[in-house]
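Worksheet: the structure to be examined is printed underneath.
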Amino acid sequence: MRHYYTPSQQPYHRLPVRLTFGPNLAYYNGDIADKLKNNTLRMGLGLGLTQSLSPHLTYGLELSYIKLKATDQAPGRGYSFASTNGLLTTFLRYNLNADKSMYFGLNNRPTPVLAFLQAGVGALLNNPTASQQTADGVIALAPERIGGYPTLAAVLPVGGGVTLRASRSLHFTLEGLYYFTSTDLLDDISQRGNPKSNDDFATVALKIEYAFYKKHGKSLVHND
Numbered sequence: 057m058r059h060y061y062t063p064s065q066q067p068y069h070r071l072p073v074r075l076t077f078g079p080n081l082a083y084y085n086g087d088i089a090d091k092l093k094n095n096t097l098r099m100g101l102g103l104g105l106t107q108s109l110s111p112h113l114t115y116g117l118e119l120s121y122i123k124l125k126a127t128d129q130a131p132g133r134g135y136s137f138a139s140t141n142g143l144l145t146t147f148l149r150y151n152l153n154a155d156k157s158m159y160f161g162l163n164n165r166p167t168p169v170l171a172f173l174q175a176g177v178g179a180l181l182n183n184p185t186a187s188q189q190t191a192d193g194v195i196a197l198a199p200e201r202i203g204g205y206p207t208l209a210a211v212l213p214v215g216g217g218v219t220l221r222a223s224r225s226l227h228f229t230l231e232g233l234y235y236f237t238s239t240d241l242l243d244d245i246s247q248r249g250n251p252k253s254n255d256d257f258a259t260v261a262l263k264i265e266y267a268f269y270k271k272h273g274k275s276l277v278h279n280d
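Each residue of the sequence shown is one higher than the one before, counting from 57 in our numbering.
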């Protein structure tokens, strides 16, 4: 087992890669709504990998499917939109309390709870459809983006959460992230709304994490 060292020269080992899977709920904040009551929360899914780099740092890569839907909170306009989105992110977590289960020697301790901060970068494949409530009923709006959708946008997720260890291999993580984006067309409403401000969104996710430990072979027994 390879040894690594903290800045204080405490030796530790890295834990196995963990496969993560779980549902998410997404909240939109943009041109037509910034209140929860105007959002329709719909469930998405995420699949990823995480690797503990040190007692304080964890690296992750995740592919998610998220859904956004909201109605206009401004009186008289009647806009609404819905979208399905693919999201690929890479991130670092900073554990506020060190994971002492990674230590060698007398400092090794079970660490059942880890609170963390998280930040990363990623790309969003966005595919919105916008509509408007009129006197004649709900009408579909032509895409504002020339060429239509889907389109790619950059995202910067920041947030935090907590990881609970049910066993050596099985962990549960509750995570909340806010995503700053590079687009004002998350809702396909820009020139009709506020073109000076980009759209953002947030997610809450519950993740099941499973660590793949190597199985040790049975030791040989010699009978004299």
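The beta-carbon is built from N, C-alpha and C at its ideal position, and this holds for glycine as well.
Spatial neighbours of residue i within its chain, please: CB distance less than 6 Å, with the 5 preceding and 5 following residues excluded, ordered by chain position.
i	result
Arg221	Pro168, His227
Gly86	Leu242, Asp243, Asp255
Gln189	Gly134
Val194	Ser187
Arg165	Lys156
Ile245	Asp87, Ile88, Tyr135, Ala186
Val260	Leu81, Gly232
Excluding the five sequence neighbours on either side, which residues of its own chain have a C-beta within less than 8 Å of the C-beta of residue i, listed in chain order?
i	result
Val211	Leu143, Thr145, Val177, Gly178, Ala179, Leu180, Tyr235, Phe236, Thr237, Ser238
Met99	Pro79, Asn80, Leu81, Lys123
Pro67	His59, Tyr60, Tyr61, Tyr159, Phe160, Gly161
Phe172	Thr114, Arg149, Tyr150, Asn151, Leu152, Gly216, Gly217, Val218, Thr219
Leu101	Phe77, Gly78, Pro79, Asn80, Ser120, Tyr121
Phe137	Ile88, Leu124, Lys125, Ala126, Pro184, Thr185, Ala186, Ser187, Asp243, Asp244, Ile245
Quick one: residues in its chain with C-beta nearer than 7 Å to the C-beta of residue i, no 5 flanking neighbours on either side, listed in chain order?
i	result
Lys91	Gln129
Asp155	Ser108, Pro111, Thr167, Leu170
Tyr266	Arg74, Leu75, Ser225, Leu226
Pro206	Leu181, Asn182, Asn183
Gly104	Thr76, Gly116, Leu117, Glu118, Leu119
Gly249	Asp87, Ile88
Pro199	Tyr205, Asp244
Pro72	Ala267, Phe268, Tyr269
Quick one: Cα of residue i to Cα of residue j, how far?
i	j	result
Gln161	Gln174	Note that residue 161 is Gly in the sequence shown here, rather than Gln. Those two C-alpha atoms are separated by around 29 Å.
Gly232	Ala258	7 Å
Pro251	Val218	36 Å
Arg58	Tyr159	12 Å
Leu276	Phe268	The predicted position of Leu276 is uncertain, since its pLDDT is 48 and thus under 50; no value can be drawn from it.
Phe147	Arg70	17 Å
Lys93	Asn163	48 Å
Thr127	Ser223	43 Å
Asp192	Pro213	40 Å
Within 10 Å of its beta-carbon, does residue i have 16 or more other beta-carbons around it, so buried, or fewer, so exposed?
i	result
Ser120	buried
Arg149	buried
Tyr135	buried
Gly116	buried
Asn95	buried
Thr106	buried
Leu35	Since the displayed the chain opens at 57 and closes at 280, residue 35 lies outside it and no answer follows.
Ser139	buried
Ile202	exposed
Lys263	buried
Ser64	exposed
Lys270	exposed
Pro131	exposed
Asp240	buried
Tell me whether residue i, by its Cβ, gets closer than 8 Å to a heavy atom of the ligand FMN.
i	result
Leu71	With respect to the ligand FMN, the structure offers nothing, as it holds no ligand at all.
Using a Cβ-Cβ distance cut-off of 9 Å, determine whether residue i contacts chain B.
i	result
Gly216	The structure shown contains no chain B; it holds only a single protein chain.
Exercise. Considering only residues of the segment 97-163, which uninterrupted beta strand (DSSP E) runs meet the minimum length of 3 residues and lie entirely inside it, listed in chain order?
Worked result: 99-108, 113-127, 135-151
Problem set entry | Ordered list of beta strand (DSSP E) runs contained in the segment 203-258, each at least 3 residues | 207-221, 226-237
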